[in-house]
Structures are given as structure tokens and as C-alpha cells.
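Peer 1: The opening residue of the sequence shown carries number 85 in my numbering; numbering runs sequentially from there. All C-beta atoms in this analysis are idealised placements derived from N, C-alpha and C, irrespective of residue type, glycine included. Just so it is clear, the structure is predicted and the values come from calculations on it, not from any experiment.
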Amino acid sequence: MRKHIVIASIFSSIFRPMYYPTVGTIILLTFTYMTLFPWVFRLVVLGIVYFFTVFLPVLITYLYRRLHGWGQQDLRERHKRFIPYAIHFICYLCCMYLLDNMHLPRFLTAILFVSLLVQTCCIVINMFWKVSMHSAGSGAVIGALVAYSGIFGFNPVWWLCGAILLSGCVMSSRMVLLQHSLPQVLVGTMVGVICGFFGILFV
85 MRKHIVIASI FSSIFRPMYY PTVGTIILLT FTYMTLFPWV FRLVVLGIVY FFTVFLPVLI
145 TYLYRRLHGW GQQDLRERHK RFIPYAIHFI CYLCCMYLLD NMHLPRFLTA ILFVSLLVQT
205 CCIVINMFWK VSMHSAGSGA VIGALVAYSG IFGFNPVWWL CGAILLSGCV MSSRMVLLQH
265 SLPQVLVGTM VGVICGFFGI LFV
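#1: Near A224, which residues of its chain fall below 6 Å by C-beta distance, leaving aside the five closest residues on each side in sequence?
#2: What are the boundary residues of the alpha helix (DSSP H) that T119 is part of?
#3: Report the CB separation of A220 from C206 in whole angstroms; it is logged as a contact under 8 Å.
#4: What ranges does the alpha helix (DSSP H) occupy inside the region 215–275, keeping only unbroken runs of at least 4 residues that lie completely in it?
#5: Go through its chain and collect everything with a Cβ distance to A231's Cβ below 6 Å, but skip five positions before and after it.
#6: Who are the near neighbours of Y134 in its chain, counting only those whose CB is closer than 7 Å to its CB and skipping five residues on each side?
#7: Please report how far the alpha carbon of N185 lies from the alpha carbon of G227, in whole angstroms.
#8: Three or more C-beta pairs under 8 Å: does that hold for the region 107–122 against the region 141–156?
#9: For a test of the three-state rule: what should DSSP assign to L45, helix, strand or coil?
#10: Roughly how many whole angstroms lie between the Cα atoms of L249 and G272?
#11: Going straight from the alpha carbon of H264 to that of K214, what length do you get?
#12: Where does F125 sit, in a helix, a strand or coil, going by DSSP?
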């Protein structure tokens with residue numbers, strides 16, 4: 085396997101959309117006034133987010149695939165993705181409900197709302213035209229950073245440079261792996277940026 089294929093595969097695996105809520109939660113728990121809360125409480129919050137956005141949907145999707153005798157490749161077929169999408173959607177809603185009942189700040193639960201918004205937009209678009217959800221996830225980081233810079237009043241330039249570089253790498257990896265075309269990753273990124281920005285501001 086060529087080196088650029090290996091690198092693209094690594095990027096595509098590490099920067100999956102499902103990991104962004106967990107990473108975003110870590111950042112908010114580390115760089116905002118949430119540091120005033122006890123570290124045990126912050127770990128519990130992080131554990132809840134990880135459980136409902138990564139562990140549980142992956143487990144249920146895996147069991148669903150085994151029940152139907154499908155391999156990982158089968159989920160590339162559009163009509164077979166609906167139930168896995170629905171599983172993720174329900175898990176995210178449960179997580180948002182639980183965090184809201186814990187009376188956590190809105191800017192924290194907004195991450196989950198943005199993720200749901202990105203997934204919903206991509207699902208709708210994918211009914212008519214293929215779009216990159218990986219790119220949408222990385223684009224949402226850019227939009228969310230701009231929105232959070234307004235909320236917390238910090239200079240986002242260096243963070244944005246990193247987010248844009250990350251987004252470019254994710255987009256390139258999807259094209260190198262022949263999963264998406266240039267228009268598909270560009271549209272995905274724009275969808276993510278818009279969802280990330282307005283989702284954080286208006287949640």
C-alpha cells in the first residue's frame with residue numbers, strides 16, 4: 085500500500101465525525117470556566133458524552149450489522165445507512181436530554197446540537213446527492229470556533245489556522261481514498277461551517 089494511502093486512511097479513521105463531540109467537550113471543560121467544577125464531575129460529564137456519542141451508537145450499530153449479517157462495507161450502500169443514522173440520532177438526543185437535566189451550560193450541550201444538525205443536513209442531502217460527512221464534521225469545527233470566539237471573547241486566529249489545516253487534511257484524505265469527489269467534500273465542509281456557526285449561536 086502506498087504511503088499516501090496509509091496516511092489518508094489514518095486521517096479518515098482518527099477524524100471521524102463521531103469523535104468531535106467528545107473532543108469539543110474536552111476543550112470546553114479545559115479552557116472555559118468549567119475548570120472551576122471538580123475534576124470528578126468533569127470526568128463524569130466527559131464519560132456521558134463519550135458513552136452516548138461513541139460507545140453506545142457504535143455498539144448498537146455493530147449488533148445491528150451482525151443481526152443482518154452485514155459487513156462494514158455494506159453500510160456504504162445508501163439505503164442501509166438509515167437505521168445506523170437513526171441510532172446515532174437517538175443516542176445524541178438522549179445525551180442532550182441527560183446533560184440538560186444536569187443543568188449544564190448551553191454552550192456545552194450546543195456541541196451535541198451542532199453534531200445532530202450536521203448529521204441531519206448530510207442525511208437529507210445524501211438522499212439526492214452524495215456529500216462527505218467527514219468533511220462536514222471538520223467544517224463544523226471551523227464554524228463553532230468562530231461562534232465560540234464571539235461568546236467567550238477570545239482571538240480565534242491560531243485555533244482557526246489549526247482547524248482549517250485539519251479540515252483540508254480530512255478533505256484530502258477522503259478524495260485520496262476515492263470516497264468522495266472535490267465538490268462533495270467542499271459542499272460537506274460548507275454545510276459543516278454553517279451548521280457549526282449558527283448551531284452554537286442559536287441553540
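Peer 2: In terms of the structure at hand:
#1: Correct list, in chain order: V198, V202, G276, C279, G280.
#2: Where T119 is concerned, there is no enclosing alpha helix (DSSP H), given that its DSSP letter is neither H nor E.
#3: Contact between A220 and C206 is confirmed by a C-beta separation of about 5 Å, below the 8 Å threshold.
#4: Entirely contained in the region 215–275, the alpha helix (DSSP H) runs reaching 4 residues are, in chain order, 217–236, 241–260.
#5: The answer, listed in chain order, is F281, I284, L285.
#6: Excluding sequence neighbours, Y134 sits near T106.
#7: Each residue's Cα considered, the two are about 27 Å apart.
#8: Not touching, per the Cβ criterion.
#9: Residue 45 is absent from the structure shown; the chain starts at 85 and stops at 287.
#10: Rounded to the nearest angstrom, the two C-alpha atoms are 16 Å apart.
#11: The straight-line gap from Cα to Cα measures roughly 8 Å.
#12: In the structure shown, the three-state DSSP call for F125 is helix.
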